[in-house]
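What follows is a single structure, written as structure tokens, with notes after it.
There are 2 protein chains.
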Amino acid sequence: MVDIAKRVYDHRWKIDPVVRSLLDTDFYKLLMCQSVYRNHPDAEVTFSLINRSTDIRLAELIDEGELREQLDHIRTLRLTRGESTWLRGNTFYGKRQMFRPDFMEWFEGLQLPPYHLEIRDGQFELTFEGRWPEVMMWEIPALAVLMELRSRVVLERLGKFELQVLYARAMTKLWEKIERLRQLDHLKVADFGTRRRHSFLWQDWCVQAMMEGLGRAFIGTSNCLIAMRHDIEAIGTNAHELPMVTAALAETDEDLREAPYRVLADWHEEHDGNLRIILPDTYGTKGFLEHAPDWLAGWTGIRIDSGDPAEGTEAAIAWWKARGEDPTRKLVIFSDGLDVEKIEELHAQFAGRVKVSFGWGTLLTNDFRGLAAGDGLAPFSLVCKAVRANGRPTVKLSDNPLKAMGPPEEIARYKRVFGVGDQVARPVVV
Amino acid sequence: MVDIAKRVYDHRWKIDPVVRSLLDTDFYKLLMCQSVYRNHPDAEVTFSLINRSTDIRLAELIDEGELREQLDHIRTLRLTRGESTWLRGNTFYGKRQMFRPDFMEWFEGLQLPPYHLEIRDGQFELTFEGRWPEVMMWEIPALAVLMELRSRVVLERLGKFELQVLYARAMTKLWEKIERLRQLDHLKVADFGTRRRHSFLWQDWCVQAMMEGLGRAFIGTSNCLIAMRHDIEAIGTNAHELPMVTAALAETDEDLREAPYRVLADWHEEHDGNLRIILPDTYGTKGFLEHAPDWLAGWTGIRIDSGDPAEGTEAAIAWWKARGEDPTRKLVIFSDGLDVEKIEELHAQFAGRVKVSFGWGTLLTNDFRGLAAGDGLAPFSLVCKAVRANGRPTVKLSDNPLKAMGPPEEIARYKRVFGVGDQVARPVVV
Numbered sequence: 171m172v173d174i175a176k177r178v179y180d181h182r183w184k185i186d187p188v189v190r191s192l193l194d195t196d197f198y199k200l201l202m203c204q205s206v207y208r209n210h211p212d213a214e215v216t217f218s219l220i221n222r223s224t225d226i227r228l229a230e231l232i233d234e235g236e237l238r239e240q241l242d243h244i245r246t247l248r249l250t251r252g253e254s255t256w257l258r259g260n261t262f263y264g265k266r267q268m269f270r271p272d273f274m275e276w277f278e279g280l281q282l283p284p285y286h287l288e289i290r291d292g293q294f295e296l297t298f299e300g301r302w303p304e305v306m307m308w309e310i311p312a313l314a315v316l317m318e319l320r321s322r323v324v325l326e327r328l329g330k331f332e333l334q335v336l337y338a339r340a341m342t343k344l345w346e347k348i349e350r351l352r353q354l355d356h357l358k359v360a361d362f363g364t365r366r367r368h369s370f371l372w373q374d375w376c377v378q379a380m381m382e383g384l385g386r387a388f389i390g391t392s393n394c395l396i397a398m399r400h401d402i403e404a405i406g407t408n409a410h411e412l413p414m415v416t417a418a419l420a421e422t423d424e425d426l427r428e429a430p431y432r433v434l435a436d437w438h439e440e441h442d443g444n445l446r447i448i449l450p451d452t453y454g455t456k457g458f459l460e461h462a463p464d465w466l467a468g469w470t471g472i473r474i475d476s477g478d479p480a481e482g483t484e485a486a487i488a489w490w491k492a493r494g495e496d497p498t499r500k501l502v503i504f505s506d507g508l509d510v511e512k513i514e515e516l517h518a519q520f521a522g523r524v525k526v527s528f529g530w531g532t533l534l535t536n537d538f539r540g541l542a543a544g545d546g547l548a549p550f551s552l553v554c555k556a557v558r559a560n561g562r563p564t565v566k567l568s569d570n571p572l573k574a575m576g577p578p579e580e581i582a583r584y585k586r587v588f589g590v591g592d593q594v595a596r597p598v599v600v
Numbered sequence: 171m172v173d174i175a176k177r178v179y180d181h182r183w184k185i186d187p188v189v190r191s192l193l194d195t196d197f198y199k200l201l202m203c204q205s206v207y208r209n210h211p212d213a214e215v216t217f218s219l220i221n222r223s224t225d226i227r228l229a230e231l232i233d234e235g236e237l238r239e240q241l242d243h244i245r246t247l248r249l250t251r252g253e254s255t256w257l258r259g260n261t262f263y264g265k266r267q268m269f270r271p272d273f274m275e276w277f278e279g280l281q282l283p284p285y286h287l288e289i290r291d292g293q294f295e296l297t298f299e300g301r302w303p304e305v306m307m308w309e310i311p312a313l314a315v316l317m318e319l320r321s322r323v324v325l326e327r328l329g330k331f332e333l334q335v336l337y338a339r340a341m342t343k344l345w346e347k348i349e350r351l352r353q354l355d356h357l358k359v360a361d362f363g364t365r366r367r368h369s370f371l372w373q374d375w376c377v378q379a380m381m382e383g384l385g386r387a388f389i390g391t392s393n394c395l396i397a398m399r400h401d402i403e404a405i406g407t408n409a410h411e412l413p414m415v416t417a418a419l420a421e422t423d424e425d426l427r428e429a430p431y432r433v434l435a436d437w438h439e440e441h442d443g444n445l446r447i448i449l450p451d452t453y454g455t456k457g458f459l460e461h462a463p464d465w466l467a468g469w470t471g472i473r474i475d476s477g478d479p480a481e482g483t484e485a486a487i488a489w490w491k492a493r494g495e496d497p498t499r500k501l502v503i504f505s506d507g508l509d510v511e512k513i514e515e516l517h518a519q520f521a522g523r524v525k526v527s528f529g530w531g532t533l534l535t536n537d538f539r540g541l542a543a544g545d546g547l548a549p550f551s552l553v554c555k556a557v558r559a560n561g562r563p564t565v566k567l568s569d570n571p572l573k574a575m576g577p578p579e580e581i582a583r584y585k586r587v588f589g590v591g592d593q594v595a596r597p598v599v600v
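First to last, the sequence lines map onto chains A and B.
Numbered by our numbering, the letters in the first sequence go through residues 171 to 600 in order.
Numbered by our numbering, the letters in the second sequence go through residues 171 to 600 in order.
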């Protein structure tokens, strides 16, 4: 039977929206947003889209009008009553009322601010300016829209059964990964793949497949909407955005040097337990750990997001030992360019020495490499970052110079202030 | 939106029927049935299920009650008005009114006769006795029911996503075959996979995938219901059943020797063009062609269903030449144990020398080899054959002694009458 009412209702959609909910975003954005809303409500920031895969000329693939329609649709979204209820009533990381009433009230009224879109040299110049807590919420939906519109361009050319076989192949591929991961004892892995997913529906499938295929080894998803729909854990803590913007807000070099710790001091006040995760690489992991205050060594764990992950973990283990902490009680979350081989390798290397957890991103939710002719569906390296704060440029150094961001003279200043020496370049996978 | 009415309606199904239409059968059964209805309406025959894969103990896998429910459901089926309209109004092989009004009237009133079911030594003894035109219509649905119930037993153990991945793998596998077949110039291939299909829905998917993937190279399906639903050609001519039963009805050795030609003489009167296809192997291709009357050489083509297909084709080519016929104008239909490799090989060998066509069966609609643990979904060799006619056993020799059927003393008599010498055994694929 055809559901006539549904078909008629569907006629009304002028577009097929990529993002249909303000909760279709990463959980850490909400945690950070609450922190920003309390500590820097009026900071003026600019977020900007950056396509690190310059050979993919997005503006020649994606129609500008379609992109605008998708972005405009996101500006019509409001937190629904059910979504608000879930955020207010749910337990996150074992804690109730993670989100304070004043923040929730603000979030319920949130409309994403206007965007600026231009085309230059085959790329979209997409920027968002305004108050930090509002603008920051654009990051994930903007990325998801661009990733999915680019997928759609390729998918448009395929026949009905070619499409079905494409997804059959992608399902088979993911399931083979899951079957391999199932072999790892005491594995803990979460979906971190919202931002560079192939599409919403595909991410949703991946999460459900992980739920069935991995059982308790699958600990949750960074995507709030998907977590809500499937009643699983929303996963995430904090990101480079916090130290980057607060560093840019710093008035002096001394102030700058302290900024990354000041951010975590605020976080320390707000959160405990599994939310106390250090992200040490914004201005170089080595210097960050060396100069870190002792209370940071008491945090639950660390997230390794750039550089050689084994080296980073060894550095953290050495640091914990030097500060009198027991590394076997510490959590190490790997989240940089993971795929099954890397997960197996790191698990073999560190399980038992530390508590290991994996935030599996792009190659979980967008591994369409080799599945379409011309490899037009292979994932690429798109980010959306805070590039300015109160008129000053932001800087990220990371443990991989290819992931560094900011004007060259500012990068030089930051390297001096944070005592970062030579770094080893590593190819950016995705 | 959930279609509530549909859900409620679905509650009423006591079972999920494997066969939901009397047209869910092979087209050649209808052609043969019409012929039998005219020439032998009162012959008493027995059809019997024969599982040549004795290691698969069907009665230990499939619940007898479920099998009975499925068979009982088939006995509730009647030709619907729309189905009758399609048979009466459609063009088959370019001809209108293929089915005569008296036959259609009889078919519209047809209920399949009772079945007899016992369990012996881990196998089902399933037999159908009665008038030939009625009983013969059990063959395809009985096979389809047993094949699909056996699939279901294995599928029952799988999780939701395991199931989806299973079909994803099967789709990928078939599509890779289709992509290979697409490389063959002037290919003509039809679906002959009803009887040993994995399931109805899967056969339906396979046919649609072939339609999209092969375009005009896909010439149709043997399945009437699927042909009707997708408005494609129903394909098929005649089968061993006709010479086997008429041979069993023969009173003398002389009569027996003539039986296979007498059947085709009837067919010659009823049909022309592409329906005049010789199936020569029932009692040995070699003797059949040697002793064939000249008018048979004028037929459109031949179907190669056992023995070495290249040898069989060479024998047919030599025969045509000897009878003054031009082999390049003759059609050779291969239908025995085909898969892509064999199709490629035979196509390379014979395209141009004769008109080549393929009736692709079990490894089109049931290639689940290697897709389930323990290979529990691999196809197996199940047939449902006429074993007795008017009290006398039927015999089939075929060009492969492993496909021979009948009591040993009768096989010996037939071999003598038809002058069949030594035969080379070839493994029965499916």
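The beta-carbon is built from N, C-alpha and C at its ideal position, and this holds for glycine as well.
Contact annotation: the region 493-501 of chain A does not touch the region 392-402 of chain A, with fewer than three C-beta pairs closer than 8 Å. By the CB criterion at 9 Å, residue 359 of chain B and residue 522 of chain B fall outside the cutoff. Separation of residue 263 of chain A and residue 403 of chain A (C-alpha to C-alpha, rounded to the nearest whole angstrom) is 8 Å. Proximity to residue 282 of chain B across B:268, B:294 and B:311 peaks at B:311, based on C-alpha coordinates.
If you look at residue 462 of chain B, you'll find it isn't in any alpha helix (DSSP H); DSSP assigns it neither H nor E. Residue 353 of chain B is classed as exposed because its beta carbon has fewer than 16 other beta carbons within 10 Å across all chains shown. Under the rule that a run must span 3 or more residues, the beta strand (DSSP E) segments found entirely inside the region 298-372 of chain B read 359-361. Contacts between residue 331 of chain A and chain B, judged by CB atoms closer than 7 Å, involve 378, 379, 382 and 383 in chain order.
Under the three-state reduction of DSSP, residue 444 of chain A is assigned to helix.
At least one CB of chain A lies nearer than 9 Å to the CB of residue 341 of chain B.
When B:505, B:211 and B:228 are compared, the shortest CA-CA separation from residue 407 of chain B is found for B:505. Proximity to residue 255 of chain A across A:193, A:380, A:314 and A:202 peaks at A:193, based on C-alpha coordinates. Leaving aside the five residues that flank residue 524 of chain A on each side, the residues in its chain whose CB is nearer than 6 Å to its CB run, in chain order, 497, 500 and 502. The residue among B:477, B:347 and B:412 with its C-alpha nearest the C-alpha of residue 571 of chain B is B:477.
Taking 9 Å as the threshold, the shortest C-beta distance from residue 565 of chain A to chain B does not fall below it. Using a Cβ-Cβ distance cut-off of 8 Å, the region 547-564 of chain B and the region 371-389 of chain B are not in contact, since fewer than three pairs of beta carbons, one from each stretch, lie closer than that value. Sequence-ordered contacts of the region 529-551 of chain A with chain B are nonexistent [C-beta pairs closer than 8 Å]. The region 239-305 of chain A is shown to contain whole alpha helix (DSSP H) runs of 4 or more residues at 251-259, 271-278 and 302-305, in chain order.
Cα atoms of residue 329 of chain B and residue 233 of chain B: separation of roughly 21 Å, rounded to the nearest angstrom. Residue 345 of chain A has a beta carbon lying within less than 9 Å of a beta carbon in chain B.
For residue 525 of chain A, the uninterrupted beta strand (DSSP E) segment begins and ends at 525-530.
Look at residue 324 of chain B: its C-beta is not under 9 Å from any C-beta on chain A. Only residues of its own chain outside the window of five on either side were considered, and among them 542, 546 and 547 have a CB closer than 6 Å to the CB of residue 324 of chain A, listed in chain order. With respect to the 9 Å criterion, residue 247 of chain B and residue 322 of chain B are not classified as neighbours on the basis of their beta carbons. Contact between residue 212 of chain A and residue 301 of chain A holds: their C-beta atoms lie close to 6 Å from each other, under 8 Å. Closest option to residue 267 of chain A, judged by alpha-carbon separation, among A:440, A:575 and A:320: A:440. Beta-bridge partners assigned by DSSP to residue 214 of chain B: B:301.
Straight-line measurement puts the Cα of residue 413 of chain B at about 11 Å from the Cα of residue 436 of chain B. In this structure residue 331 of chain B touches residue 382 of chain A by the C-beta definition: roughly 4 Å separates them, less than 8 Å. The DSSP-derived three-state label of residue 556 of chain B is strand. The three-state secondary structure of residue 425 of chain A, taken from DSSP, is helix. With a threshold of 16 other beta carbon atoms within 10 Å, residue 215 of chain A meets it and is buried. Flagged as an interface residue toward chain B: residue 175 of chain A, by a C-beta distance shorter than 9 Å. The beta carbon of residue 353 of chain A does not come within 9 Å of any beta carbon belonging to chain B, so the residue lies off that interface. Residue 596 of chain A and residue 533 of chain B have their alpha carbons spaced roughly 47 Å apart. Between residue 284 of chain B and residue 206 of chain B, the C-beta spacing is not below 9 Å.
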